[in-house]
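**Student:**
Protein chains: 2
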Amino acid sequence: MELNTTTKISEAVIRRLTDYLRCIRCAGEAGRDMLTSLEISERCGLNASIVRKDLAQFGAYGVKGMGYNVRDLTRQINKILGLDKLKDVVLVGAGHLGTAIIRYPGFADVNFNFIAAFDTDPEKIGKTIGYAKVYPLEELKPFIRKHAIQIVVLTVPSSEAQAIVNDLDPGYVKGVLNFTAVIFPPKQNNMFVHNIDLAKELEVISYCMKNCLSQGS
Amino acid sequence: MELNTTTKISEAVIRRLTDYLRCIRCAGEAGRDMLTSLEISERCGLNASIVRKDLAQFGAYGVKGMGYNVRDLTRQINKILGLDKLKDVVLVGAGHLGTAIIRYPGFADVNFNFIAAFDTDPEKIGKTIGYAKVYPLEELKPFIRKHAIQIVVLTVPSSEAQAIVNDLDPGYVKGVLNFTAVIFPPKQNNMFVHNIDLAKELEVISYCMKNCLSQGS
DNA sequence: CCATGTGAAAGCGTTCACAGCG
DNA sequence: CGCTGTGAACGCTTTCACATGG
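Here the protein sequences line up with chains A and B, keeping their order.
The letter at position 106 of the first sequence is residue 106 when you use our numbering, and the numbering goes up by one with no holes.
If you want our numbering, it's the 1-based position in the second sequence plus 1000.
#1: Pick helix, strand or coil for P1142/B, following the three-state DSSP scheme.
#2: Can you list the residues of chain B that I151/A reaches, using a CB-CB cut of under 9 Å?
#3: Tell me which residue opens and which closes the alpha helix (DSSP H) that N1166/B is part of.
#4: Less than 8 Å between the beta carbons of F1118/B and V1090/B, yes or no?
#5: Go to M1209/B, then tell me how far its alpha helix (DSSP H) extends in each direction, as first and last residue.
#6: Thinking C-beta only, is V92/A closer than 8 Å to L177/A?
#7: Do you know how far the Cα of Y61/A is from the Cα of I24/A?
#8: Measure from the alpha carbon of A1132/B to the alpha carbon of each residue in S1041/B, T1099/B, Y1172/B and R1015/B, then state which is nearest.
#9: Just checking: is the beta-carbon of E123/A within a distance shorter than 8 Å of some beta-carbon in chain B?
#10: R52/A: buried (16+ other C-beta within 10 angstroms of its C-beta) or exposed?
#11: Below 7 Å on C-beta distance, what does I101/A contact in chain B?
#12: When the Cβ atoms of the stretch 64-79 of chain A are set against those of the stretch 137-155 of chain A, are three or more pairs found closer than 8 Å?
#13: Per the contact definition of three or more C-beta pairs closer than 8 Å, is the stretch 1185-1205 of chain B in contact with the stretch 8-25 of chain A?
#14: Under 8 Å: do the stretch 1125-1145 of chain B and the stretch 1158-1174 of chain B share three or more Cβ pairs, one atom per stretch?
#15: Use the C-beta contact count for G175/A: other C-beta atoms within 10 angstroms, 16 or more gives buried, fewer gives exposed.
#16: Is there a Cβ of chain B sitting closer than 8 Å to that of Y104/A, yes or no?
#17: Would you report the Cα separation of E29/A and R22/A, rounded to the nearest angstrom?
#18: What are the residues that DSSP puts in a beta bridge with L177/A?
#19: Does the distance from the CB of F1114/B to the CB of G1126/B come in under 8 Å?
#20: So, using beta-carbon positions, are C1044/B and D1019/B closer together than 8 Å?
#21: Around the Cβ of M1191/B, are there at least 16 other Cβ atoms within 10 angstroms (buried) or fewer (exposed)?
#22: Using CA atoms only, rank isn't needed, just tell me which of V1204/B, P1136/B and N1111/B is closest to E1123/B.
#23: Determine the DSSP secondary structure at N1113/B, reduced to helix, strand or coil.
#24: With DSSP as the reference, please indicate the residues paired to T961/B in a beta bridge.
#25: Could you check what DSSP says for G67/A in three-state terms: helix, strand or coil?
#26: What are the boundary residues of the alpha helix (DSSP H) that includes Y1053/B?
#27: Of all the CB atoms in chain B, is at least one closer than 8 Å to the CB of D19/A?
#28: Between the Cα of G1059/B and the Cα atoms of K1079/B, E1042/B and L1046/B, which residue gives the shortest distance?
#29: Using DSSP's beta-bridge definition, name the partner residues of Q76/A.
#30: Quick check: A1027/B and S1037/B, are their CB atoms within less than 8 Å of each other?
#31: How about V1134/B and E11/A: do their beta carbons lie closer than 8 Å?
#32: Quick check on DSSP: helix, strand or coil for V182/A?
#33: Are there 16 or more other CB atoms within 10 angstroms of the CB of A1148/B, so buried, or fewer, so exposed?
#34: Compile a chain-ordered list of the residues in the stretch 1129-1141 of chain B whose CB is closer than 7 Å to at least one CB of chain A.
#35: Which chain B residues are close to F107/A, counting only those with a beta carbon under 9 Å from its beta carbon?
#36: Report yes or no: is there a C-beta of chain A within less than 8 Å of the C-beta of F1114/B?
Structure follows, in structure tokens:
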């Protein structure tokens, strides 16, 4: 039951783990307390073998002949992904997308907590989005220091993205979720940057439709 | 200069192509008219070799000793991805996320045009988001038929997702961009479904921070 | 001389097939 | 008997290294 923390795990595995988590949680809510690798694989559109391999990589959770215990597995995957503790997150750029993200219901499930937003627009400053108050951008740096913020979500116009990232303090910030069209290298200033481009997803589907590619998330 | 349409292209290649497109467009706006595979690779956080392989796969665009012509390359990649023609798209679920998506500035760049939104909330019906009018959900089906809509973006609560997807007419709809937490198989009713989960992206970054994984978008 | 285009080699990730165990 | 856990086979992707050509 020990977690394996030595081996290098690829991002593909991590992404699948998040899918398992979602489908296991869903099955749990439906009253299931055991799930087989086959069931998980079908719900996630995968091969059963890879589900077992992925899970085995972190320690042997399964019971032969039975499957995996929903409760244990949820806890384990949460722990692997580092979702077992509440994480404070701040948003930079309180536009439409930023607002939608703060209000997105899926974040609480995974223990993410938006505690503040930052913007330059005086109209927005002082307002509250969800539980997050909007502060002027100048206060971002001291706020990060004061609250030891480790994760920043970036939803500013693309033109401002670089300057903000440059100015983040790598002594505190370890991860940036970048929703702008700027492509940052995966490691910037010792911070993990994760680029998300909503248009990209539509572009991929455009190609899939044009030609014929069978591929999932 | 002919496009290769026979070989099977993996989704990984397509995703990189969208990155190339973005960084090439950006370089073009900065006044560059030639780019080398090395420059593209650095901007996208990749190896130069794979950039050349990807591009060569669709025909030889490069000029030896010089690099790639920005203007031509943009046009070619747009064509490969099927972004060369304007596409009408509808949104189902006019909540915060849906609103943000319609207003997201990146879609016009790639010729996506949100022409309507659908919702059950009487408060929202009749209003306009961007250029899209909000209609009652009942009108989705006839609207799709009337306007021959091929792409649907789904931003409804997760509990309603399955019913809506089941009810889409595969005679018209070829692609669904699913923002709900429900995981759909990549092909549902002969439609391409692409699952996007915003929480997933934070989960991945959470893991990256906890352990140490170097990986990009 | 410089950067492309491309075989050949290396590295990864997935699938298969089955032994082992409850 | 059913399902996990896993070595071994397979196939795909990426990287290397260099011949080719403007």
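Just so you know, even glycine gets a beta-carbon here, dropped at the ideal spot from N, CA and C.
Note that the structure is a prediction, hence the values are computed from the model and not measured.
**Tutor:** Walking through what the data contain:
#1: If DSSP states are grouped into helix, strand and coil, P1142/B belongs with the helices.
#2: Chain B residues near I151/A: L1202, I1205, S1206 and M1209.
#3: Judged by DSSP secondary structure, N1166/B falls within the alpha helix (DSSP H) whose first and last residues are S1158 to D1167.
#4: Yes, the pair counts as a contact, with Cβ atoms nearer than the cut-off.
#5: Note, M1209/B: alpha helix (DSSP H), L1198 to K1210.
#6: No, Cβ-Cβ distance for L177/A and V92/A is not below 8 Å.
#7: A direct Cα-to-Cα measurement between I24/A and Y61/A gives close to 14 Å.
#8: A1132/B has its Cα closest to that of T1099/B, out of S1041/B, T1099/B, Y1172/B and R1015/B.
#9: By the rule that beta-carbons nearer than 8 Å mark a contact, E123/A does not touch chain B.
#10: R52/A sits buried, since 16 or more C-beta atoms from the chains shown fall within 10 Å of its C-beta.
#11: Chain-ordered, the chain B residues with CB closer than 7 Å to the CB of I101/A read L1198.
#12: At 8 Å Cβ cutoff, the stretches do not touch.
#13: Note that the stretch 8-25 of chain A touches the stretch 1185-1205 of chain B; at least 3 beta-carbon pairs, one per stretch, sit closer than 8 Å.
#14: Judged by pairs of C-beta atoms under 8 Å, the stretch 1125-1145 of chain B touches the stretch 1158-1174 of chain B, as three or more such pairs exist.
#15: Classification of G175/A: buried, given that the 10 Å Cβ count is 16 or more.
#16: Yes - at least one Cβ of chain B is within 8 Å of the one on Y104/A.
#17: The straight-line gap from Cα to Cα measures roughly 11 Å.
#18: DSSP lists V153/A and H194/A as partners of L177/A.
#19: For F1114/B and G1126/B, no; Cβs fall outside 8 Å.
#20: It is a contact, given that the beta carbons lie within the stated cut-off.
#21: M1191/B comes out buried.
#22: Closest by alpha carbon: P1136/B.
#23: It is a strand residue.
#24: There is no way to answer for residue 961/B, as the model of chain B reaches only from 1001 to 1217.
#25: G67/A falls in the strand class under three-state DSSP.
#26: In the sequence under discussion, the amino acid at residue 1053/B is Lys, which differs from the Tyr named in the question. Going by DSSP, K1053/B is part of the alpha helix (DSSP H) stretching over A1048 to A1056.
#27: Residue-level contact check: D19/A touches chain B, since one or more beta carbons of chain B fall below 8 Å from its beta carbon.
#28: With distances taken between CA atoms, G1059/B lies nearest to K1079/B out of K1079/B, E1042/B and L1046/B.
#29: DSSP lists no beta-bridge partner residue for Q76/A.
#30: Between A1027/B and S1037/B, the gap from beta carbon to beta carbon reaches 8 Å or more.
#31: Cβ distance not < 8 Å, so V1134/B and E11/A don't count as in contact.
#32: V182/A: coil per DSSP, three-state reduction.
#33: For A1148/B, the number of other beta carbons within 10 angstroms of its own is below 16, and it is reported as exposed.
#34: Against chain A - using a Cβ distance shorter than 7 Å - the stretch 1129-1141 of chain B contributes no residues.
#35: Here the neighbours are L1198, A1199 and L1202.
#36: Answer no: the Cβ-Cβ gap between F1114/B and chain A never drops below 8 Å.
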